[in-house]
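Single-structure report; data block below.
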């Protein structure tokens, strides 16, 4: 324990410098979904590879048809487990830009009246701040002991925010290199400011884009309004039909594979201190909008959804234009649970749309990723050790929770590499990830580093 | 008739130069709805005032809170009628730009294999080409006779494509100056390539923009998808409820004031050579999408509509973003007929939306113009003279038709200035007004000038 104490102290002493390194990374606008930022994505990958090399990892960029992966290896003591750490260096777009109080890629460390600090920038929480907690823990370990307590492989992706198109082929092509005894994924949140969490269930995701086409060109709504099909009207009718009055999704077969909660998990979730009013109140809402007969935690952790993430058609600029558009599109995501099959959901959605097309309209589709939900074992040895280590670091013991978001890689590690994955992260619900003014708590960044040092030490112990 | 013949010959001889003048006007991107083009609107107004002064009009720009009006006067013989001519120099936006085959503000005169020509540019048909037909007729009259056969006031607006916000106050403030014996409005179309038309009924217009607000910020659809209200979903549900399965608008009170067709007008319309298949086929459609029990001509001329002209919410860029937007909006126009009251329609729509808002959502509204439908007398002396003059010029006699579009000024001339208005224009259905590759037929431009010369001569005759 003396060794661990000295490593924790090293983390404490070097916090300022670790913040500087994070800010350097945050200054790189690595927006993966927008091709205009491809060079910036590569720059972020190179920054991380260089940093890992400086710590003593054998690190390199690996090309993909999209943005490069970063893979770095460090050996460990004979007999110690081999740990794979996963994070992603790409970030979400920043619009609407006018709602940011500082520039998204110009990180600001600001202090609240109570003395707590936070780092504000796109990617500060999702996922650059999170992935750096692990790298900083490794750095401190090396600085204090000259070694790492486990064999460590670090695997950083650059396409997580854009559907991870290169991930599956890459995992398949590098199965041997990437398979470890356990995977650690740092892209999730704490239960609350004092309570760390390990996510044991995550929703899957199917991303779809549908475009409704009607007339062969944009029309004047005076000349043609009435007899001409309006694709915005057709699209609205179809979207409106996807949910019934009770909030259930009406697409035939949608709930196939959805299971009721395991009674033990149900009890655990019911035991969590959770306020629906606070959860919704923080975002200006008060009444749950999901399936009427489900609690908010169920709606967000164990029930599937259909969400409309974007819509556009016709004239959307200033003023008015009396046009009937030739086409209109929507971006739609389905969150999946239990054993829902992503490809079946995609096919059912497309059938649902196609069956509702009136005469003279056609629909085209584009896919934006697909991943099944994942369910982790809640009593593996690695999980038990991590749970204890986290409980040692934070004011309150670690909670086992569900996650509404989709972290496709967690399922893939299980299915493609046969590897158990622990989802441990230090984000908070109010971090505003994917939104303007994204932030990461200084306590998350600091205690996150300390948490990983404890977890690595615990894994290494017999 | 010798005088008229010489004027018509003068028009024929000067056609090339009149096309050059039109092209100079078309090069000015006077998009009124976009504040970025305010200077260009003023430049177009000045161009016209200068041209009218050169012909001998006393012409000037008149300031408004928006874009300036052009007013020009020319005296006429004792006892001859006083004619007010109306057109508009502003144009629609040009998006989607990538569908244009030439630059929208770089006019191109192109020739078809059969020798017919057309002028391609934004505004070539709506309304710069049309208004120039009248100005060129006046120019030829002056060139040949040194005078005009009627007293003429030319009144050109610069806000027709953006709801004419300054029109009513301007008419009220200049009632005496602008009131004539008859108004001529050149912003409508021919029945077909060979058949001129006078429009005797026009639909009115109410423009609305509704924004649905839900959460206080954009949300991650994994973290909040399920319990959080999604404004795109709410908006889609509301828009989808506006039409029933038979194509009727469901807003309570919407059909109040809608009258059935006068039997004489009905018979006239039924006698027009009209092919529903051709009308829809030209725009890539085949089945009328309006009220099921109405003919296409009724759907577009004598029945009211609700059209969705634009919609936007959430992430609409390349790729995908798993966001639940804080807000989403739609631009909606209602075409009105008979005695529908624009303000009642607006209020009924807003009530319809507000009543459908779920908990935690609110709606904000912006208005984009309002004008009632208008119905013209089909047997006034001016109308009879114009009908004969048009029939003399074109291969086939003039048709009396309805118009699906809204020309608010026609109603205002009647209601505010007590003046009968004749709607005579030379646009064709395939002119693609408001769309990419807008064009004006050379025959429209040429015979349009000759038509006005004939009409002015007919009005002057006892």
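Chains as they are written, first to last, in this note's numbering: chain S, 50 to 511; chain W, 50 to 511. C-beta: ideal position from N, C-alpha, C; glycine also. These numbers were taken from a predicted model, which means no experiment stands behind them.
query	result
Supposed contact pair residue 372 of chain W and residue 483 of chain S - C-beta distance, whole angstroms, cut 8 Å	6 Å
CB contact flag (residue 491 of chain S, residue 350 of chain S, <8 Å)	no
Proximity of residue 448 of chain W and residue 244 of chain W at Cβ, strictly below 8 Å	yes
C-beta neighbour in chain W for residue 319 of chain S, strict 8 Å	no
Candidates W:457, W:456 and W:418, of which the one nearest residue 82 of chain W by Cα	W:418
Segment contact, 8 Å Cβ cut-off, at least three pairs: the segment 430 to 442 of chain S with the segment 299 to 318 of chain S	no
Contact with chain S by residue 263 of chain W, beta-carbon distance below 8 Å	yes
Endpoints, alpha helix (DSSP H) assigned at residue 82 of chain S	Segment: none, residue 82 of chain S is in no alpha helix (DSSP H) and carries neither H nor E.
Neighbour flag for residue 278 of chain S against chain W, beta carbons, 8 Å	yes
Buried/exposed call for residue 262 of chain W, threshold 16 Cβ in 10 Å	buried
Contacts around residue 460 of chain S, its chain only, beta-carbon distance under 8 Å, and the 5 residues preceding and following it disregarded	251, 253, 420, 421, 422 and 423
Contact belief for residue 75 of chain W with residue 172 of chain W at Cβ below 8 Å, rounded distance in angstroms	6 Å
Endpoints, alpha helix (DSSP H) assigned at residue 316 of chain S	312 to 320
Residue 161 of chain W versus residue 95 of chain W: straight-line alpha-carbon distance, rounded	34 Å
CB contact flag (residue 339 of chain S, residue 265 of chain W, <8 Å)	no
Candidates S:307, S:131 and S:322: closest to residue 388 of chain S by CA position	S:307
CB contact flag (residue 37 of chain S, residue 200 of chain S, <8 Å)	Lying before the first or after the last residue shown, residue 37 of chain S is absent from chain S, which here runs from 50 to 511.
Pair within 8 Å by beta-carbon distance, residue 352 of chain S and residue 275 of chain W	yes
Residue 289 of chain W vs residue 468 of chain W beta-carbon contact at 8 Å	no
Buried versus exposed call for residue 182 of chain S [16 or more other C-beta atoms within 10 Å across all chains shown]	buried
Nearest-angstrom Cα separation, counted from residue 141 of chain S out to residue 324 of chain S	29 Å
Residue range of the unbroken beta strand (DSSP E) whose run includes residue 109 of chain S	107 to 111
Start and end residues, beta strand (DSSP E) containing residue 517 of chain S	For chain S, the structure presents residues 50 to 511; residue 517 of chain S sits outside this window and is missing.
Nearest-angstrom beta carbon gap, residue 416 of chain S and residue 256 of chain S [assumed within contact, 8 Å]	7 Å
Beta-carbon neighbours of residue 74 of chain W, restricted to chain S and to distances below 7 Å	Neighbours of residue 74 of chain W on chain S: none; closest Cβ ~21 Å, over 7 Å.
Contacts that residue 337 of chain W makes with chain S (C-beta to C-beta distance below 7 Å)	276
Beta-carbon gap between residue 401 of chain W and residue 381 of chain W smaller than 8 Å	no
Residue 52 of chain S classed as buried or exposed, judged by whether at least 16 other C-beta atoms fall within 10 angstroms	exposed
Nearest to residue 322 of chain S (by Cα), restricted to the options S:450, S:124 and S:170	S:450
C-alpha distance - residue 303 of chain S paired with residue 287 of chain S, whole-angstrom precision	16 Å
Where residue 569 of chain W falls, given that 16 or more other Cβ within 10 Å makes a residue buried	Here chain W covers residues 50 to 511 and nothing more, so residue 569 of chain W does not appear.
Contacting positions in the segment 289 to 306 of chain W - beta carbon closer than 7 Å to chain S	289 and 292
Three-state class that DSSP yields for residue 118 of chain W in the structure shown	strand
Nearest-angstrom Cα separation, counted from residue 249 of chain S out to residue 26 of chain S	Residue 26 of chain S is absent from the model: chain S starts at 50 and stops at 511.
Neighbour list for residue 190 of chain S in chain W, Cβ cutoff strictly below 8 Å	What residue 190 of chain S touches in chain W: nothing, since even the nearest Cβ is about 32 Å away.
Cβ-based neighbour list, residue 501 of chain W, same chain, cut-off 7 Å, excluding 5 preceding and 5 following	182, 183 and 186
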